[in-house]
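**Q** Below are the structure tokens for one structure; questions will follow.
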Amino acid sequence: MASRWLDLRWALSVLCVLLMAETVSGARDSSTRAHISPQFPASGVNQTPVVDCRKVCGLNVSDRCDFIRTNPDCHSDGGYLDYLEGIFCHFPPNLLPLAVTLYVSWLLYLFLILGVTAAKFFCPNLSAISTTLKLSHNVAGVTFLAFGNGAPDIFSALVAFSDPHTAGLALGALFGYLGLYVFYVVTVILCTWIYRWQRRGSLVYSMPVTPEILSDSEEDRVSSSSNSYDYGDEYRPLFFYQETTAQILARALNPLDYMKWRRKSAYWKALKVFKLPVEFLLLLTVPVVDPDKDDRNWKRPLNCLHLVISPLVVVLTLQSGTYGVYEIGGLVPVWVVVVIAGTALASVTFFATSDSQPPRLHWLFAFLGFLTSALWINAAATEVVNILRSLGVVFRLSNTVLGLTLLAWGNSIGDAFSDFTLARQGYPRMAFSACFGGIIFNILVGVGLGCLLQISRSHTEVKLEPDGLLVWVLAGALGLSLVFSLVSVPLQCFQLSRVYGICLLLFYLNFLVVALLTEFGVIRLKST
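Residue numbers (mature numbering (1 follows the signal peptide of the UniProt record, and there is no 0)): -26 to -1, 1 to 502.
Here it is as structure tokens:
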């Protein structure tokens, strides 16, 4: 599934760039990284010539820092840390191996952050939303999971189309983009409804058993039931007492289960030590709704705190804080307004609810947690992309090779973690649907909505100029992969086996080899 995702994502990204880049066709760098003016431009921006950032390694040591800071090609489109400036401005040349080692270590820790966020916060909230709205796995995959995976890319597309040169599509075509996505979602919903109606009308009705996502408390009960000794008795209080607000908050923010800690291995404990800071931060910022618990994981002081912190995290992680620091009317930043509104809502919720009984609208916290965790995943994935791009500059990888390998993998890592975690926790249909629904959402809604918002600024005609053999290799690989799935999946009666996954992995490896050989000139068209 991972190779499938990467194949589709990279090929469609290239085609989308071709659609939006009429004025820069022929520039090699545009296939992997487009420099777009920000949505909130600052005054007095200098027009600096763009030079390939990989040339920094050929300069004198004293000139490298200034080159990194003044060259637009060395600036990241998003993220919070400037990794190239860290390597060439804060580390001497003889400590370059140390800098690379630290970056790789931080990269591995970002993978850990992605895994924890997806497993314990993103997927449980998605499961709660599906349970609350009574959605099938397919519908949840092409709607909420696709939106969670693709929402950050949609905002990037909106920024990209703020450039007048990229907003010139016919109005009818724009509505066609949006209408096609709506038609796709409606088709999935209707097919699901027809399938359920046929099953209800069948004489032999059998409900498939679908594994549910286990919470930590349920995992403890399952694992403890296999032991001869009940560890729970050791921690059960002799007298029941009413916890104070401070005690409820401290217990809710504690990511360590002492009962589980005692019976786990040393490897698990060492890994848990690295997870503790991440889990504490996520517990503080991301609410989680658990429909399987009697209280639905309602913690009044923590959930009220979430009403202030979670929206703040949303505006500060969306587009790396660009929208959060934007000043409304040139006076008040957006994040200040969010804090004031969240504090007022949290105060009302705190005094209108109790500790023992969840409120009637508690299920709305699942949507807030879903959005916040999705943006945490996007923020971590953006840092992964920036690190990989920095390593590509250090090792002098070409833009095309970097885009086909490190950047393609980095751009997909956040969604891949979400899909892998859902599949492992018993929701393979939801993950599989999101692999297709997320890409369709990004392309159709991203291009359609972005152009619709900017259509009044310019009516420039967009031309497709697929120059070069590599573009045709990418488009051909995409078409072949879709045809392969279109034929093989029905032939297997929609029961996907391990052989299907292996074939997709082999297909991706062959595509990558052919694309790289084409870029290096080994495979080329004969000139006539």
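All residues carry an ideal CB built from backbone N, CA and C; glycine is no exception.
Check this for me: beta carbons of residue 279 and residue 320, under 8 Å apart or not?
**A** yes
**Q** Using a Cβ-Cβ cut-off of 7 Å (strictly less than) and excluding sequence neighbours within five positions of residue 200, which residues of its own chain qualify?
**A** Here the model assigns residue 200 a pLDDT of 40, short of 50, so the residue's position is not dependable, and the following value carries that caveat. So no residue of the chain qualifies.
**Q** Would you call residue 350 buried or exposed, if buried means 16 or more other Cβ atoms sit within 10 Å of its Cβ?
**A** buried
**Q** With a floor of 3 residues, list each beta strand (DSSP E) that falls wholly inside the region 24 to 71, ordered by position along the chain.
**A** If we require 3 residues or more, the region 24 to 71 turns out to have no beta strand (DSSP E) run fully inside it.
**Q** Taking just the CA atoms, how far does residue 356 sit from residue 53?
**A** CA-to-CA, the gap between residue 53 and residue 356 works out to about 6 Å.
**Q** Could you check where the alpha helix (DSSP H) with residue 292 kicks off and where it finishes?
**A** Counting along the chain, residue 292 falls outside any alpha helix (DSSP H), and DSSP gives it neither H nor E.
**Q** Does DSSP put residue 217 in a helix, in a strand, or in coil?
**A** The answer is coil: DSSP assigns residue 217 none of H, G, I, E or B.
**Q** Three or more beta-carbon pairs under 8 Å between the region 334 to 350 and the region 233 to 241, yes or no?
**A** no
**Q** Quick check: what's the CA-CA separation for residue 93 versus residue 250?
**A** Rounded to the nearest angstrom, the two C-alpha atoms are 14 Å apart.
**Q** Using the beta-carbon count (16 or more within 10 Å), is residue 217 buried or exposed?
**A** Burial is judged here by how many other beta carbons sit within 10 angstroms of a residue's own beta carbon; residue 217 has fewer than 16 and is exposed.
**Q** With the cut-off set at 8 Å, would you say residue 77 and residue 364 are in Cβ contact?
**A** yes
**Q** Hey, could you find the ends of the alpha helix (DSSP H) residue 414 is sitting in?
**A** 402 to 414
**Q** Pull up the distance between the alpha-carbon of residue 369 and that of residue 75, whole angstroms please.
**A** Their backbone Cα atoms lie some 14 Å apart in a straight line.
**Q** Residues bridged to residue 98 by DSSP?
**A** Partner(s): none; residue 98 has no beta bridge.
**Q** Is it buried or exposed, residue 346, if we count other Cβ atoms within 10 angstroms and call 16 or more buried?
**A** Buried: at least 16 other Cβ atoms inside 10 Å.
**Q** With H, G and I counted as helix, E and B as strand and the rest as coil, what does DSSP make of residue 302?
**A** strand
**Q** Tell me the rounded alpha-carbon separation between residue 452 and residue 410.
**A** About 12 Å.
**Q** Please classify residue 489: is it buried, with 16 or more other beta-carbons within 10 angstroms of its beta-carbon, or exposed?
**A** buried
**Q** Given this structure, state the Cα-to-Cα distance separating residue 64 from residue 500, to the nearest angstrom.
**A** Spanning the two alpha carbons is a distance of roughly 48 Å.
**Q** Does the beta-carbon of residue 331 have 16 or more other beta-carbons within 10 angstroms, so that it is buried, or is it exposed?
**A** Classification for residue 331: exposed.
**Q** Here's the rule: buried if 16 or more other CB atoms are within 10 angstroms of the residue's CB, otherwise exposed. What is residue 138?
**A** Because residue 138 carries a pLDDT of 44, less than 50, the predicted location of this residue cannot be relied on, and the following value inherits that uncertainty. The residue in question, residue 138, is exposed, as its Cβ has fewer than 16 Cβ neighbours within 10 Å.
**Q** At what residues does the alpha helix (DSSP H) containing residue 489 begin and finish?
**A** 472 to 493
**Q** How close, in whole Å, do the beta carbons of residue 503 and residue 396 come, if the pair is a contact with beta carbons under 8 Å?
**A** Residue 503 is absent from the structure shown; the chain starts at -26 and stops at 502.
**Q** If you compare alpha carbons, which of 246, 241, 239, 238 is closest to residue 229?
**A** 246
**Q** Closest to residue 413 by CA distance: which of 116, 71, 68 is it?
**A** 116
**Q** Measure the beta-carbon distance from residue 40 to residue 25 and round it to whole angstroms, keeping in mind my assumption that it falls under 8 Å.
**A** So it is not a contact: roughly 12 Å between Cβ atoms.
**Q** Which first and last residues belong to the alpha helix (DSSP H) in which residue 324 is found?
**A** 308 to 326
**Q** Roughly how many angstroms lie between the CA atoms of residue 497 and residue 386, to the nearest whole one?
**A** 27 Å
**Q** Is there a Cβ from chain C that is less than 8 Å from the Cβ of residue 498?
**A** In the structure shown, chain C cannot be found, because there is only a single protein chain.
**Q** Just confirm the distance between the C-beta atoms of residue 87 and residue 73, as a whole number of angstroms; I'd bet it's less than 8 Å.
**A** Not confirmed; about 21 Å, so no contact.
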